[in-house]
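Report on the following structure.
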Amino acid sequence: MPYLLVTPALVSLASVALFPLLYSLRLSFFEWSIARPAAPAFVGLQNYGAAFQDERLLASLKITFILASAALLCEILAAFPLALLLNADVKGMRFISTALISPLVLAPVGVGVLWRIMYTPEFSPLNWLIAQVGLGAGPRWVSDRNVVLAAVVAVDVWHYAPFVMLVLLAGLKSLPHDPFEAAAMDGAGPLQAFRYITLPLLTPVILVVMIFRTIGLINAFDTVFVLTGGGPGGLTEIVSVYVFKTGFKFFDMGYASALSYILVAIAAVLSMIYVLLLSREIDM
Amino acid sequence: MTRSHWRRLGTVAKYGLIGAYCVIFMLPIYFLLLTSIRTEAEVFSSRPLSPPSPPTLDHYLYIFSSQGANVGRYVLNSAVVALATSVISLTMGSLASYSIVRFRFPGSRLIAFGMLMVRMLPSIAVVIPVYVLARTAGLLNSLTVLVISYTVFNIPFVVWMMRGFFMEVPAELEECAMIDGCSRLGALARIVLPLVAPGLAATAIFTVLGSWNEFLLALVLTSTQKAQTVPVILAGQIEQYGVPWARISAMAATLMLPVLIFAMIVQKHLIRGLAFGAVKG
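So the protein lines, in turn, are chains R and X.
Taking the numbering used here, I'd label the letters of the first sequence as residues 98 to 381.
Taking the numbering used here, I'd label the letters of the second sequence as residues 14 to 294.
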């Protein structure tokens with residue numbers, strides 16, 4: 098009986114995890130252009146060899162890394178103060194949390210479109226505000242090579258800082274009172290309490306949220322695809338966008354599979370590092 | 014300054030800061046909605062944040078009309094897929110999760126962990142084999158292929174989410190019921206299910222949301238309005254030259270407004286689900 102119930106789940110786990118991965122691996126050993134009628138040709142490790150010399154891939158890895166690190170850092174920096182503020186007794190929580198979770202639930206595509214509109218200099222409230230305070234016409238955002246990376250990071254922070262905030266808040270609320278009372282009796286101030294009690298106790302939660310967001314950032318596709326399409330001039334071409342173009346614009350399926358496999362490997366390594374850190378924290 | 018003065022200042026600062034955050038998070042959404050009820054000309058000419066005069070529903074009428082963009086069809090597709098996916102993955106996933114928790118499978122912790130790992134796969138890595146497979150099976154551009162793909166992706170997530178909720182129900186409760194003559198499934202339905210209902214609600218929210226918002230798989234697997242979903246048609250608008258901004262805003266609002274209203278209603282469960290997944294899981 099129990100096996101009957103679990104089988105569908107295991108089957109789907111196998112389907113989702115194993116089968117595509119195995120099939121993708123197999124595909125990556127072939128050269129196959131879907132656009133041409135020729136059958137896939139076995140080329141062994143040639144795709145991977147080409148990948149290691151692929152400058153566009155290296156560039157996209159670098160861009161992904163920069164964007165992901167910056168976004169993660171900014172998300173935490175933006176979310177932490179808010180979580181701390183909301184940890185106290187706050188009136189109107191229902192309205193506040195409605196406002197705060199709004200960005201969270203939006204489709205990444207929608208967020209991309211929304212900010213594409215927000216970033217259009219001709220009618221953007223941002224440019225209007227900048228002009229009002231007398232700083233000129235303001236940047237052209239997604240068309241401006243100097244600003245576009247920051248603009249993309251800003252969108253991501255807007256989208257996911259509420260998530261980080263909610264998790265941190267839940268973590269804060271679950272902290273025990275005793276250490277804080279003891280510290281207060283010993284005369285510790287709020288900053289010391291934060292540094293020596295809050296932060297260490299909150300570390301597992303922070304790590305968990307970092308895992309979620311790092312993976313999310315590596316896998317991100319929709320928002321950047323719609324917001325910049327990888328431009329201008331490939332400046333925001335993250336790995337997933339490059340892989341997508343390889344597979345569905347240039348129809349080079351074999352190579353795209355190899356590239357996506359490299360991405361999976363990176364994601365797996367990062368996950369393992371995080372999980373290792375986390376298990377050390379929890380087992381303490 | 015007296016102590017109460019400092020305290021009052023602190024309170025003002027606190028609410029001021031919270032208010033600033035709220036404004037930042039809501040402003041772009043407000044601007045989007047505003048733009049969607051402006052005329053195209055007014056989009057460029059007016060002050061960005063002032064109310065439109067006169068407001069117009071033309072864009073919404075246009076995108077929903079069958080001569081226009083026929084968005085209604087895409088909304089129907091998205092809704093059907095979201096509903097089917099949730100029902101199937103919640104049912105199968107919960108049953109599996111219950112089994113794993115109750116029947117103490119060897120390596121059940123590993124299975125649960127594997128379920129979580131599945132969520133972390135880059136979607137682009139899955140899209141390519143799924144596309145090739147769907148193409149071979151002749152299932153491209155159908156609602157079926159979307160439901161299958163989404164369900165298969167969601168079941169591990171459901172298993173992982175529900176695991177914590179099932180673990181909180183003591184086995185003794187079911188044993189009592191079974192001693193009184195209840196079957197295992199009966200005990201599950203009558204006793205366990207009501208107790209894990211909040212967990213089911215939270216999980217359902219995420220499944221529905223994820224399905225409604227999904228883009229990449231839908232983009233790759235569908236090609237006409239027979240099966241395309243709202244995210245796909247929305248993204249499709251951007252690629253044209255001479256973008257009609259107000260119309261696009263209306264379409265984006267169609268995608269996002271239902272979600273916002275839905276989130277407002279279920280926010281308690283939503284927040285609980287998020288925090289639960291991260292803090293306790």
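Heads up, the beta-carbon is just placed ideally off N, CA and C, and yes, glycines get one too.
Just so you know, these numbers come straight off a predicted model, no measurement behind them.
Report task. Would you mind giving the Cβ-Cβ distance between I261 (chain X) and A82 (chain X), rounded to the nearest angstrom? I have them listed as a contact below 8 Å. Result -> Not a contact, Cβ separation roughly 10 Å.
Query raised in the report: Bridge partners of E152 (chain R), per DSSP?
Result: E152 (chain R) pairs with nothing; no bridge assigned.
Query raised in the report: Buried or exposed: H18 (chain X), going by 16 or more other Cβ atoms within 10 Å of its Cβ?
Result: Exposed, since its Cβ has fewer than 16 Cβ neighbours within 10 Å.
Query - Cβ shell of V160 (chain X) (< 6 Å), same chain only, five flanking positions each side left out - result: V94, A97 and T98
Requested in this report: Would you mind telling me which residues of chain X sit closer than 7 Å to G344 (chain R), beta carbon to beta carbon, in chain order?
Outcome: Residues of chain X with a Cβ closer than 7 Å to the Cβ of G344 (chain R) are, in chain order, I141.
Query raised in the report: Residues of chain R with CB under 8 Å from R60 (chain X), in chain order?
Result: W225
Query raised in the report: Among X:Q80, X:R51, X:F275 and X:M39, which residue has its Cα nearest to the Cα of A215 (chain X)?
Result: X:F275
Query raised in the report: Going by the beta-carbon positions, is the gap between L103 (chain X) and T242 (chain X) smaller than 8 Å?
Result: no
Query raised in the report: Where does L226 (chain R) land, buried or exposed, given buried means 16+ other C-beta within 10 angstroms?
Result: exposed
**Report entry** Min CB distance L374 (chain R) to chain X below 8 Å
**Finding:** With 8 Å as the cut-off, L374 (chain R) does not count as an interface residue toward chain X.
Query raised in the report: Quick one: which chain X residues come within Cβ less than 8 Å of M350 (chain R)?
Result: I141 and V145
**Report entry** Alpha-carbon to alpha-carbon, V366 (chain R) and R16 (chain X)
**Finding:** 53 Å
**Report entry** Start-to-end residues for the alpha helix (DSSP H) that takes in V249 (chain R)
**Finding:** V245 to K270
Query raised in the report: Cβ of Y34 (chain X) less than 8 Å from any chain R Cβ?
Result: yes
Report task. Assign F127 (chain R) to one of three DSSP states: helix, strand, or coil. Result -> strand
Query raised in the report: According to DSSP, is F139 (chain R) helix, strand or coil?
Result: strand
Query - Among R:N144, R:F127, R:A147 and R:L179, the one whose alpha carbon lies nearest that of A26 (chain X) - result: For the residues R:N144, R:F127, R:A147 and R:L179, the minimum Cα distance to A26 (chain X) belongs to R:L179.
Report task. Tell me whether G294 (chain X) is buried or exposed, calling it buried when 16 or more other Cβ atoms sit within 10 Å of its Cβ. Result -> For G294 (chain X), the pLDDT reaches just 45, beneath the cut-off of 50, and the residue's location in the model is therefore unreliable, although a value from the coordinates is still provided. That one is exposed.
Query raised in the report: Is the Cβ of T195 (chain R) closer than 8 Å to any Cβ of chain X?
Result: Output row for T195 (chain R): interface = yes.
**Report entry** Short CB-CB distance (under 8 Å) between V206 (chain R) and chain X
**Finding:** yes
Query raised in the report: Counting only beta-carbon atoms, is I370 (chain R) nearer than 8 Å to chain X?
Result: So, not an interface residue.
Query raised in the report: Residue ranges of each alpha helix (DSSP H) run of no fewer than 4 residues wholly in the segment 263 to 320 of chain R, ordered along the chain?
Result: The segment 263 to 320 of chain R contains these whole alpha helix (DSSP H) runs: 275 to 282, 287 to 290 and 296 to 316.
**Report entry** Interface residues of chain R facing P64 (chain X) [CB-CB closer than 9 Å]
**Finding:** Result: empty, since nearest Cβ-Cβ is about 13 Å, beyond 9 Å.
Query raised in the report: What number of angstroms, rounded off, separates the C-alpha of L181 (chain R) from the C-alpha of R191 (chain R)?
Result: So the alpha carbons of these two residues sit roughly 17 Å apart.
Query raised in the report: Does any CB atom of chain X fall closer than 8 Å to the CB of A267 (chain R)?
Result: For A267 (chain R), the answer is yes, since a Cβ of chain X falls inside 8 Å of its Cβ.
Query raised in the report: Along the chain, where does the alpha helix (DSSP H) that runs through L70 (chain X) open and close?
Result: Note, L70 (chain X): premise wrong, no alpha helix (DSSP H); not H, not E.
Query raised in the report: Checking contacts by CB at 8 Å: is A180 (chain R) closer than that to chain X?
Result: no
Query raised in the report: Is G268 (chain R) buried or exposed, if buried means 16 or more other CB atoms sit within 10 Å of its CB?
Result: buried
Query - Proximal residues of chain R, C-beta to C-beta of F77 (chain X) below 7 Å - result: In chain order: nothing, as chain R lies at least about 18 Å away.
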